[in-house]
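Colleague: I'd like to ask some things about the structure below.
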Amino acid sequence: MQLYSFVRAASSNLQMLIKIATNDFCVPQFSHFQTIIRELYDFCAPNSEGHNASYIPQLAAVDPSKWAISVCTIDGQKFNIGDVDALFTMQSTSKPLTYALAITEHGPDKVHDYVGYEPSGRKFNLVILNDNNKPHNPLINSGAIAVTALMKNGSCMPERFMYINKELSRMAGGVNLGFNNPVYLSERSSADRNFSLAYYMREHKCFPPGTDLHETLDLYFQICSIETDSKAMATIAATMANGGVNPITGERILSGPAVRDTLSVMHSCGMYDYSGQFAFKVGLPAKSGVSGAIMLVVPNLMGIAIYSPRLDEQGNSVRGIQFCQELVKRFVFHNYDSLLHSSAKLDPRKHLHEDRVQSVVRLLFAAKNNDLNELRRCLIANVDFNTTDYDDRTGLHVAASAGAFDAVRFFIEVAHVDPNPLDRWHIKKGEISPSVEDKSLPKFNSFDADTVRSPNKLRDFVKKEKKEDPETAMN
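First residue of the sequence shown? That's 798 in our numbering, and the numbers climb one at a time after it.
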């Protein structure tokens, strides 16, 4: 690339270039993350349980062996593996997106005048409303139909569909989304229950005034028949993870409250009758569809799209569920995983050796400051008390050099560390290394176990060392 071309490219992507130069990405070790995703992909691939959705002929005819995973982080890092170019209709994965668009357009209060936000505890397509005669939530059929009625209400049908398709395309980073007309026609021809549900809702005034019932249902079927692939869906999920801002284009598409409310409902209601178990086992917002897609969101980090057509009894992708469960076994992604304490799970947000560096810093500062409470916390967190800094200095070195006799006693008696460690200059605890200028520090060259176990003896030892050191005595 010539200098002029580079300058032009850099001027429009300066922030990204800085991230690249400093490796300041939300997943700094992305290649390692990709390796683990590839392992999970291969682990789940042999699973051939489940069957394609059969009530729509076009879905039943899809190759059941299709298997794809796509990842997009909020910094635009991407990884794709498998049949990522395979097209599928969005089906119910569109429901949280139309809900978010409706809240962005109308605000949460108006939307929630027509739909609730709690699990129904019943099948997603039952003719049932909550105690307030509203659909329980926007991720079941009744709620999604009510939300569809709100979108650009008053505009003509072509404008309404074009608006929704355009907004979904913006969430996907500008990718053109297709439309599967045969699926739409099949959905429409087998929609007796949805028509019954819509008439029941109209009886209970669940729609805005002036709603055309048949137009609303047609638009609902059309939205479900929008066609995409796992790559575009991962970017859509990343837009949700990024608070409504597309990570590729930088455009704000959804409002903050819309994303917050949508992720909350996805967490509690997004996986049909498996939603409660999914929230318990996986602990992430997700939405599945009968085409075999799962849209998974790791808030403030990434979006993941999973596609495999074979479904379980609840209508969720069998491989998709397995992948999600394996994912949270490897990474601290579950909503209630602790990010504060050491864990066997990996945190992809962290740089290489970040946990060890933080542990060393905590330990050495606690040793220097004679902070027993922090030392106890380190012990509970399974911090290695024999760990060293870049000069091979242990916490015992630091505690002894600082005269922190309580910390010294803790290291030897409680943590049971090596009592005579050597740093890079082969200097023992309490001796002053060549890099230390302060010669007034006490020198704990040797002390026995009895001294360590007795606070009074240890204090006397410190006083004696200070008194016998001529430089210390002068001070």
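Ideal placement from N, C-alpha and C gives every residue a C-beta, glycine not left out. Computed from a predicted model, the values in this text were never measured in an experiment.
Distance check for SER845 and PHE1128, CA to CA, integer angstroms please.
Modeller: Straight-line Cα distance between these residues: approximately 25 angstroms.
Colleague: Give every residue of the same chain whose Cβ lies closer than 6 angstroms to the Cβ of LEU1051, excluding the five residues on either side of it in the sequence, and list them in chain order.
Modeller: ALA897, THR901, GLY1041
Colleague: Note down, one range per segment and in chain order, each beta strand (DSSP E) of at least 3 residues found wholly within the stretch 993–1059.
Modeller: 1023–1025
Colleague: Does the Cβ of PHE1277 have 16 or more other Cβ atoms within 10 Å, making it buried, or fewer, making it exposed?
Modeller: Since the first residue of the chain shown is 798 and the last is 1272, residue 1277 is not available in this structure.
Colleague: Looking at the structure shown, is LYS1126 part of a helix, part of a strand, or coil, going by DSSP?
Modeller: helix
Colleague: Less than 9 angstroms between the beta carbons of GLY904 and ASN934, yes or no?
Modeller: no
Colleague: For the ligand FAD, is there a heavy atom less than 8 angstroms away from the beta-carbon of GLY1200?
Modeller: Although the ligand FAD was asked about, the structure shown includes no ligands whatsoever.
Colleague: My output table needs one value for HIS1064: the three-state DSSP class, helix, strand or coil.
Modeller: Here HIS1064 sits in helix by DSSP.
Colleague: I need the straight-line Cα distance from ASN950 to TYR960, nearest angstrom please.
Modeller: Each residue's Cα considered, the two are about 12 angstroms apart.
Colleague: Roughly how many whole angstroms lie between the Cα atoms of LEU894 and GLY1053?
Modeller: Cα to Cα, LEU894 sits roughly 13 angstroms from GLY1053.
Colleague: I need the DSSP call for LYS920, collapsed to helix, strand or coil.
Modeller: coil
Colleague: For GLY1100, which three-state DSSP category applies?
Modeller: strand
Colleague: Check GLY1073 in the structure and name its three-state DSSP category.
Modeller: helix
Colleague: Between LEU800 and the rest of its own chain, which residues show a CB-CB distance below 8 angstroms, the 5 nearest in sequence each way excluded?
Modeller: Once the five neighbours on either side are set aside, LEU800 has no close Cβ partner at all.
Colleague: Assign ILE925 to one of three DSSP states: helix, strand, or coil.
Modeller: coil
Colleague: Decide if ASN1097 is buried, meaning its Cβ has at least 16 other Cβ atoms within 10 Å, or exposed.
Modeller: Exposed is the label assigned to ASN1097, since fewer than 16 other Cβ atoms lie within 10 Å of its Cβ.
Colleague: Do you know how far the Cα of ASP906 is from the Cα of PHE822?
Modeller: 36 angstroms
Colleague: Taking the beta carbon of GLU1110 as the centre, do at least 16 other beta carbons fall within 10 Å, making it buried, or is it exposed?
Modeller: exposed
Colleague: Using the Cα positions of GLY1192 and GLU1210, report the straight-line distance between them to the nearest angstrom.
Modeller: 14 angstroms
Colleague: Give every residue of the same chain whose Cβ lies closer than 6 angstroms to the Cβ of ASN977, excluding the five residues on either side of it in the sequence, and list them in chain order.
Modeller: THR886, SER1022, GLU1024
Colleague: Name the one or two DSSP bridge partners that PHE876 has.
Modeller: VAL868
Colleague: Just reading off the alpha helix (DSSP H) that ALA1176 is part of, what are its end residues?
Modeller: Contrary to the premise, residue 1176 reads as Leu rather than Ala in this sequence. Residues 1169–1177.
Colleague: Suppose you measure from the CA of ARG990 to the CA of PRO1145; what does that come to, to the nearest Å?
Modeller: 45 angstroms
Colleague: Taking the C-alpha atoms as reference points, what is the distance between PHE1241 and GLN1074?
Modeller: Confidence at PHE1241 is low in this model, with a pLDDT of 47, below 50, so its placement is unreliable and the value that follows should be read with caution. Going from the Cα of PHE1241 to the Cα of GLN1074 covers about 57 angstroms.
Colleague: Considering only residues of the same chain and omitting the five flanking positions on each side of ASP1070, which have a CB-CB separation below 6 angstroms?
Modeller: GLN1111
Colleague: Is the Cβ-Cβ distance between CYS1121 and SER917 less than 9 angstroms?
Modeller: no
Colleague: Going by DSSP, which residues form a beta bridge with ALA950?
Modeller: This sequence places Asn at residue 950; Ala is not what is there. DSSP, once it has assigned bridges, lists SER952 as partnering ASN950.
Colleague: For my contact list, MET857 and ALA883 are in at a C-beta cut-off of 8 angstroms; report their separation, rounded to the angstrom.
Modeller: Checking the sequence shown, residue 857 turns out to be Ala, not Met. 16 angstroms between Cβ atoms; not a contact.
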